[in-house]
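Trainee: Letter by letter, the sequence shown follows residues 1 to 406 of the numbering used here. All residues carry an ideal CB built from backbone N, CA and C; glycine is no exception.
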Amino acid sequence: MMVRLDDYMDIVDDRTIAEIYQKAMPLIGTDLVHINSTYYGGGVAEILKALVPLMNDVGLDAGWRVLHGYPEFFGITKSFHNALQGEADIDLSPVTTTIYSETNKEFSIYTHLNHDFVIIHDPQPLPLIKYNRKKQPWFWRCHIDLSNPHDGLWRMLRRYIIRYDEVIVSNDSYKNPDLPISQTIIFPAIDPLSPKNIDLTDDEVDSEMDRMGIGMDKPIVTQISRFDKWKDPLGVIDIYLKVKQRVDCRLILCGSMASDDPEGYRIYDAVKEKAAQHIERGDISIIVNEKATAVNALQRRSDVVLQKSLKEGFGLTATEAMWKGTPVIASKVGGLSIQIEDGENGCLLAPHDMDGFVDRTVKLLRDDEIRSRMGEKARETVRKRFLIPRLLLDYLNLLGKHVNKG
Ligand code: UDP
1 MMVRLDDYMD
11 IVDDRTIAEI
21 YQKAMPLIGT
31 DLVHINSTYY
41 GGGVAEILKA
51 LVPLMNDVGL
61 DAGWRVLHGY
71 PEFFGITKSF
81 HNALQGEADI
91 DLSPVTTTIY
101 SETNKEFSIY
111 THLNHDFVII
121 HDPQPLPLIK
131 YNRKKQPWFW
141 RCHIDLSNPH
151 DGLWRMLRRY
161 IIRYDEVIVS
171 NDSYKNPDLP
181 ISQTIIFPAI
191 DPLSPKNIDL
201 TDDEVDSEMD
211 RMGIGMDKPI
221 VTQISRFDKW
231 KDPLGVIDIY
241 LKVKQRVDCR
251 LILCGSMASD
261 DPEGYRIYDA
271 VKEKAAQHIE
281 RGDISIIVNE
291 KATAVNALQR
301 RSDVVLQKSL
311 KEGFGLTATE
321 AMWKGTPVIA
331 SKVGGLSIQI
341 EDGENGCLLA
351 PHDMDGFVDR
361 TVKLLRDDEI
371 RSRMGEKARE
381 TVRKRFLIPR
391 LLLDYLNLLG
401 KHVNKG
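1. Which residue comes first and which comes last in the alpha helix (DSSP H) that contains S207?
2. What is the rounded straight-line gap between the Cα of S194 and the Cα of R211?
3. Does the region 248-267 come close enough to the region 66-77 to have 3 or more Cβ pairs within less than 8 Å?
4. Please classify Q223: is it buried, with 16 or more other beta-carbons within 10 angstroms of its beta-carbon, or exposed?
5. Spell out a yes or no on whether the region 273-281 and the region 313-321 are touching, meaning 3 or more CB-CB pairs, one atom from each, closer than 8 Å.
6. Between the alpha carbons of H112 and A378, how many angstroms are there, rounded?
7. Is any heavy atom of ligand 1 found at a distance shorter than 8 Å from the C-beta of T317?
8. Per DSSP, which one or two residues make a beta bridge with N36?
9. Do the region 324-334 and the region 241-255 touch if we need at least three Cβ pairs shorter than 8 Å?
10. So, using beta-carbon positions, are I61 and D31 closer together than 9 Å?
11. So Y8 and P389 are in contact, right, with Cβ under 8 Å, and what is the actual spacing, rounded?
12. Is any heavy atom in ligand 1 found nearer than 8 Å to the beta carbon of P123?
13. For ligand 1, I want to know if F117 counts as a neighbour, meaning its beta carbon is within less than 8 Å of at least one of the ligand's heavy atoms.
14. Excluding five sequence neighbours on each side, which residues of the same chain lie with their C-beta closer than 8 Å to the C-beta of A24?
15. From I28, S108, T97 and N82, pick the residue whose C-alpha is nearest to that of R65; which is it?
16. Ligand 1 heavy atoms versus the CB of D232: any closer than 8 Å?
17. Does the beta-carbon of P292, which I'm using as the reference point, lie nearer than 8 Å to any heavy atom of ligand 1?
18. By DSSP, does G59 sit in helix, in strand, or in coil?
19. On a Cα-Cα basis, can you pick out the residue from D145, H121, M156 and R163 that is closest to R133?
What follows is the structure, given as structure tokens:
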């Protein structure tokens, strides 16, 4: 069932809802399209699943198209993703850059963009702007941590970026001083009414946990993330093994494979190999490609959620756990620092501070009162700042600024 804006009235402040209806009025009937590169897996798909129906509900004709690409293309764009987040090793040979641009050129033939606005998500479909007859405002919405991009790659991408009307990033430090176009910050958000985040009864949670075969006899520590080196799942295992020497508990690593992320299987194998002994003993469970309700149950039932990312554009997994009142212990990187205030609504630690992660996890597992106090504050943080109606409002404000420019 598609949600409607008024379904959110009891969850967020009325003023936000009223402002959305007002800001939507001049945009009624406006045609816009979002383009990204996967329908499932990862934060962007999560956001679009919630945002696009709501845009339609308030009167816009909003669509969503997914870029077509071969595995080779997604291998290249994943290497771009890594290099934008600071990795030095990248192939920028003409063969590589040609596959990148030609895939977009080819897609432009399949997708005609006569809309009033075009919103391009992340680097995969970035070059499309060059191959379509642009006659409307285009926005490049980049969800990645851009604070330290690879120089050569940035120079190549910049040639496309400067054709856009505006760039949208998730954090002030991702703005690039060198761009001659305007840059705006929009924080991502979660949908409290989606199967991933909707309230579940204790029985529903228990039955999901049973179905996944997770014992609830011991405290549960969880990280939910794509199998990706930036999420450092191997580091999470190291932390868990040290925590377990002090508090007997279970570790759940729950991950999905995104169709635009070919590296996932390699990282998954490395995780399985490292945890093999503990998986056999039943201490560590690795859960792959579970449905949204299962992730929801896991985030609710876990005593502590870890997000030990080395880089993190925003980190919706943290937002989701916080919404469920589960304290998150996260690295002080990217968007995680925007969401968490250390010691208040969760814990923030330097990404390589292994002892810090261990100590905080032990401390929280031993103290119900701290967990519930942090969890309550975490839920309030998300209610005020990171729910989907606020994101919708930010987009309406952005479109409102550009209306009549098409
Ligand atoms: N996710 C999921 N199942 C998994 C792992 C992740 O549904 O096994 C979802 C997760 O709940 C979140 C999104 O994928 O909604 C990940 O978004 P995030 O911003 O944390 O990271 P990204 O994958 O975009 O880097």
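Mentor: From the atom records:
1. That run of the alpha helix (DSSP H) goes D202 to R211.
2. Going by the C-alpha atoms only, they are around 21 Å apart.
3. yes
4. Counting Cβ neighbours within 10 Å, Q223 comes out buried, since at least 16 surround it.
5. no
6. 43 Å
7. True, at least one ligand heavy atom lies under 8 Å from that Cβ.
8. Per DSSP, V66.
9. no
10. The residue asked about is misnamed: residue 61 is Asp in this sequence, not Ile. Going by C-beta atoms, D61 is nearer than 9 Å to D31.
11. 5 Å
12. no
13. no
14. V58, G59, L60 and L396
15. S108
16. no
17. Note that residue 292 is Ala in the sequence shown here, rather than Pro. With a cutoff of 8 Å, A292 counts as near ligand 1, since its C-beta is closer than that to a heavy atom of the ligand.
18. coil
19. R163
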